[in-house]
Amino acid sequence: MPSLSGDITVKDSKRLWEAIELELTSANAHRKAHLASSSQASAKGSHSVGDTVTINVLRVVSGVGDEDILYCAFDGESRESGYLFLHDIIGYLKHVPVWMFSDSYNRPLSLKATIIDKETDGMFRLSMTALLKDFVCSNYMPGDTVVCSLGIARPAPYAKPYAPAISEYGESVSLTGTFGEDLQRGDLVNATYIGTAEGSFQLTCRIESRADGEMEDPMRRFHNLLLDYAEPAEPVTNPQPAADTPAPTADMETSDRLLDAAYVKELIRLLDRMAAIDADYVSSYNYIAYARVLCLMLPDGEAHADYYRGRKQLIEMLYDFAVNDKVDPAQLDRLQNEEGELFADDTPLRDKLQQLRIISYMGYQAHDEELQQLRSATQGLTREVASLAVAYNILLENNMEPQANDILNRVKNELRLNGYESHLKTYGGGIESQTIEFKTSIVYPPNNDSFPDMARQMKTILTVIAAFLNADGGTLYIGANDSGAGVGVYDDLCYKEFHGDKDKYQRTVLDGVALTWGNNVASYVSVCWDTDNTSGKDVLVVGVTPYLPGVELDGAWVYRNGSGNRHLTKAEFEEYNARRRERLSGACAQAAEPAAPEAPLPLSVPSPKADAPAPLPVRTTPSPAPVSAKPRLQTSAYRKNVLVSYEEGFLPFEACLKFMKDGKFCKVTDYDYDDTPELTLPVYEEDLRDHYLLLGYEDGTVGKVPVRELMKFEDYKTYNRYAGSPLLFAAIATNADGLVSVTRESKSGERVMVRVDTIGRIDECRLTNRGMRLANEGIAERSLGYEIVPAALLPQTRNILDRDARTLGLPLATMSDDLRRVLPLPASGGEW
Numbered sequence: 018m019p020s021l022s023g024d025i026t027v028k029d030s031k032r033l034w035e036a037i038e039l040e041l042t043s044a045n046a047h048r049k050a051h052l053a054s055s056s057q058a059s060a061k062g063s064h065s066v067g068d069t070v071t072i073n074v075l076r077v078v079s080g081v082g083d084e085d086i087l088y089c090a091f092d093g094e095s096r097e098s099g100y101l102f103l104h105d106i107i108g109y110l111k112h113v114p115v116w117m118f119s120d121s122y123n124r125p126l127s128l129k130a131t132i133i134d135k136e137t138d139g140m141f142r143l144s145m146t147a148l149l150k151d152f153v154c155s156n157y158m159p160g161d162t163v164v165c166s167l168g169i170a171r172p173a174p175y176a177k178p179y180a181p182a183i184s185e186y187g188e189s190v191s192l193t194g195t196f197g198e199d200l201q202r203g204d205l206v207n208a209t210y211i212g213t214a215e216g217s218f219q220l221t222c223r224i225e226s227r228a229d230g231e232m233e234d235p236m237r238r239f240h241n242l243l244l245d246y247a248e249p250a251e252p253v254t255n256p257q258p259a260a261d262t263p264a265p266t267a268d269m270e271t272s273d274r275l276l277d278a279a280y281v282k283e284l285i286r287l288l289d290r291m292a293a294i295d296a297d298y299v300s301s302y303n304y305i306a307y308a309r310v311l312c313l314m315l316p317d318g319e320a321h322a323d324y325y326r327g328r329k330q331l332i333e334m335l336y337d338f339a340v341n342d343k344v345d346p347a348q349l350d351r352l353q354n355e356e357g358e359l360f361a362d363d364t365p366l367r368d369k370l371q372q373l374r375i376i377s378y379m380g381y382q383a384h385d386e387e388l389q390q391l392r393s394a395t396q397g398l399t400r401e402v403a404s405l406a407v408a409y410n411i412l413l414e415n416n417m418e419p420q421a422n423d424i425l426n427r428v429k430n431e432l433r434l435n436g437y438e439s440h441l442k443t444y445g446g447g448i449e450s451q452t453i454e455f456k457t458s459i460v461y462p463p464n465n466d467s468f469p470d471m472a473r474q475m476k477t478i479l480t481v482i483a484a485f486l487n488a489d490g491g492t493l494y495i496g497a498n499d500s501g502a503g504v505g506v507y508d509d510l511c512y513k514e515f516h517g518d519k520d521k522y523q524r525t526v527l528d529g530v531a532l533t534w535g536n537n538v539a540s541y542v543s544v545c546w547d548t549d550n551t552s553g554k555d556v557l558v559v560g561v562t563p564y565l566p567g568v569e570l571d572g573a574w575v576y577r578n579g580s581g582n583r584h585l586t587k588a589e590f591e592e593y594n595a596r597r598r599e600r601l602s603g604a605c606a607q608a609a610e611p612a613a614p615e616a617p618l619p620l621s622v623p624s625p626k627a628d629a630p631a632p633l634p635v636r637t638t639p640s641p642a643p644v645s646a647k648p649r650l651q652t653s654a655y656r657k658n659v660l661v662s663y664e665e666g667f668l669p670f671e672a673c674l675k676f677m678k679d680g681k682f683c684k685v686t687d688y689d690y691d692d693t694p695e696l697t698l699p700v701y702e703e704d705l706r707d708h709y710l711l712l713g714y715e716d717g718t719v720g721k722v723p724v725r726e727l728m729k730f731e732d733y734k735t736y737n738r739y740a741g742s743p744l745l746f747a748a749i750a751t752n753a754d755g756l757v758s759v760t761r762e763s764k765s766g767e768r769v770m771v772r773v774d775t776i777g778r779i780d781e782c783r784l785t786n787r788g789m790r791l792a793n794e795g796i797a798e799r800s801l802g803y804e805i806v807p808a809a810l811l812p813q814t815r816n817i818l819d820r821d822a823r824t825l826g827l828p829l830a831t832m833s834d835d836l837r838r839v840l841p842l843p844a845s846g847g848e849w
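Counted from 1, the sequence shown has number 561 at position 544 by this note's numbering; the numbering is strictly sequential.
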């Protein structure tokens, strides 16, 4: 998944395509109206039961028994005249997309079918079973070898007379016999053709032996079978324009026909395929949005455009879940109500919608019974997500939040939302630099987890290592995404090269260095797993020390420059390396120079001899300057926290909130002049309506407690507050205000970072609860302070307002002067 700290997100793409659609529809409204009015349907021919006809499948919808119904037009006609069930074609599939009934040019396949009934409304019931079976069997002679994959497991002593299977060409096979081995579903076998099968099967074959190799998935094989069975289509030609073809005229440029519809539909089909196989939701979203825009350009494309709109909305909701860990049920209901027919007609979309519905039930025990029903009634990924949701609710109900979070991350992984897991550790401050590089894999190329290419990826890894060797050294994190989030190398470890062997994986990187440059260079590289990662992700840390002689890789000399790698010729590298060696040698000499030893203070100092040099003055360590003690618990400078009437700024208050040591809390109606609490906050009348107590902790969590709930506490009664982390800040504010968080990065960066969050985004909690974490765990070493931003100033902080949880905001050192003047910062106390 892409980074949220600067890269394009689904939200960015959504804004872009909405603007494109608005411009397109407003500019071409008259053109679309003209094209729509010119579309006419052909008249339906006269047919009767028993006739063999040629049909084109126009659309696929879900029908009785959860099996698809295919609506067709007779060849040469445009109106739907008949229908057939999927089992009237083949028996091993329940659902198919409509594109399977088109050729590679997106032209409908012309398929022979038999009319077996006529409905009262004039629609014909069709079947292809007998015609397709005759076609398939005409290609075989008894004794021919048929390679097929088993549809069910078949133990050696198999009691049933046959087992279903699918041939390599998509034919439905009834297998008999056995050869003494237990077979599993999907195993490939060699079989001998016996004859035509009965019922819904096409071929009867006898199992002979196991077969080697791999087969395409059943849908691909079914599509290939349809392509073979279909009537031959006219070849597509690309005639060259004649030499005297006139140049485009003004009339041609203003023509209502923008593009040839056949070519546009083919492009849409390609985009649909690309969206289906792309592992990156942002790329998929852009493919789908592009396909929708093309549909809007076609005279009859409104229905298809609605289809792609539904797919876009699903990705938008998945993105919301990835970022916010939850799905809005109201938005889900609205989507299902408005697009119910769309989801009913498309199985993959229906499954995605069902998965989102399951996600919306996570954290709500009231839906446990519905989750159990979904778990029983579904299969595949949907069933797995339902099972995980049940487990999540059970763990949450038993206050096992860390384990529940692991389940939440697993749900995201199953939905291909890698990189958006909660509580992922961030490496290198989340930013690639002169000495920091992130790579997700040594097996799979970026953004493509379907096609392993270990040789290519290892060359990429070695290029980074060479750049560090030839520069100032550095650290390469393998298993971290572009934002530095430790997503792990689970897919790599599952690859056939490793089979889960972490030691072999670790050796692979070091062996690659040794085989490329020798063991001497390998001694400048260290490889280890990060054992401090508590998120359960395996991240490999490759440390590289500068190598003064330098190394080459495939005849090129690469060095690190900023966050990228640069290539030099040998002569250029020698010139560069001379400067580098001088710089590194000077730095090493300066670091190795010993400090002047501190002489012990003698009891008595004898008078020096006349010819002896005067003794050096004794160095003593100065005492530290006294530091003014500041209260550990801070509050906002924007509130007049005046408790006594004789001080300036005093306002009458309704009660006081007292924060005492050891995690205790007390409410009093009248100020009691007690100075032992760490902080006492007055509660004013306006605070009783819609204000909240904000509690900022050192571990980066923030609690948000409604003031009206605190006012229900008994006076002078001591209550517990959350004490799992030291409390740094307490103040009262509204949802419209903002909260400034100042944090120090983890040890790899140690920069002081600043972010601002609208308080309305922070979840409410109880006084004893931990609160909400604004940034992912592991990014920051600790929080340094907090402050309230009045609502009126928030628009001026938009550059750092409401950032994603995987970033700490902006570095304080590089913050603009304008923003510094506007942004209220907590007192530093000398920490930054």
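Note that beta-carbon positions come from the ideal geometry of N, C-alpha and C, so glycine has one too.
As the structure is a computational prediction, the values presented were derived from the model and not from experiment.
Item                                                                                                                            : Value
Span separating the alpha-carbon of N658 from that of Y733                                                                      : 20 Å
With 16 other Cβ atoms within 10 Å as the buried cut-off, status of E454                                                        : buried
Start-to-end residues for the beta strand (DSSP E) that takes in K657                                                           : First-last for K657: undefined, no H or E at that position.
Whether E283 touches N123 by CB criterion (9 Å)                                                                                 : yes
Those residues which DSSP pairs with Y444 across a bridge                                                                       : Beta-bridge pairing links Y444 to no other residue.
Contact check, R238 vs N207, beta carbons under 9 Å                                                                             : no
Other residues of its chain near V506: CB distance less than 6 Å, five sequence neighbours each side excluded                   : G496 and D555
Contacts around A421, its chain only, beta-carbon distance under 7 Å, and the 5 residues preceding and following it disregarded : Y409, L412 and L413
Member of V769, L727 and L810 whose CA lies at the smallest distance from the CA of G755                                        : L810
Cα-Cα separation, G67 to S98                                                                                                    : 15 Å
For C782, the three-state DSSP class (helix, strand or coil)                                                                    : coil
T693 - containing beta strand (DSSP E), residue span                                                                            : Segment: none, T693 is in no beta strand (DSSP E) and carries neither H nor E.
Enclosing beta strand (DSSP E) for I805 [first to last residue]                                                                 : A797 to V806
P178 vs G212 beta-carbon contact at 9 Å                                                                                         : no
Between the CA atoms of T525 and L557 - distance to the nearest angstrom                                                        : 11 Å
Opening and closing residue of the alpha helix (DSSP H) in which N426 lies                                                      : E418 to E431
Residue of L311, S127 and M471 minimising C-alpha distance to Y522                                                              : M471
Cβ pair K681, R725 closer than 9 Å                                                                                              : no
Rounded C-alpha distance that separates A147 from D342                                                                          : 52 Å
Buried versus exposed call for C2 [16 or more other C-beta atoms within 10 Å across all chains shown]                           : Nothing can be reported for residue 2: it is not among the residues displayed for the chain, which extend from 18 to 849.
8 Å contact criterion, which Y444 and G501 should meet: CB distance rounded                                                     : 5 Å
Backbone CA spacing between N816 and I776 [nearest angstrom]                                                                    : 16 Å
Of the residues V281, Y736, F218 and D199, the one placed nearest A182, counting alpha carbons only                             : F218
CA-to-CA distance, L331 to Q390, given in whole angstroms                                                                       : 23 Å
Straight-line Cα distance separating R202 from N582                                                                             : 48 Å
Pair within 9 Å by beta-carbon distance, F746 and L712                                                                          : yes
Alpha-carbon to alpha-carbon, L601 and A612                                                                                     : The pLDDT assigned to A612 is 48, lower than 50, so where the model puts this residue is not dependable; a value taken from the coordinates is nonetheless given after this. C-alpha separation (whole angstroms): 20 Å.
Start and end residues, beta strand (DSSP E) containing W116                                                                    : Counting along the chain, W116 falls outside any beta strand (DSSP E), and DSSP gives it neither H nor E.
Rounded C-alpha distance that separates A740 from F676                                                                          : 12 Å
I86 (DSSP reduced to helix, strand or coil)                                                                                     : strand
Close-in-space but distant-in-sequence residues of the same chain around S543 (CB under 6 Å, 5 per side omitted)                : G560
Three-state class that DSSP yields for P812 in the structure shown                                                              : helix
Minimum C-alpha distance to T652 - residue among N594, V757, D549 and G490                                                      : V757
H584 (DSSP reduced to helix, strand or coil)                                                                                    : strand
Whole-number beta carbon distance between E188 and V153, since they are thought to touch under 8 Å                              : 5 Å
R238, enclosing alpha helix (DSSP H) - first and last residue                                                                   : P235 to Y246
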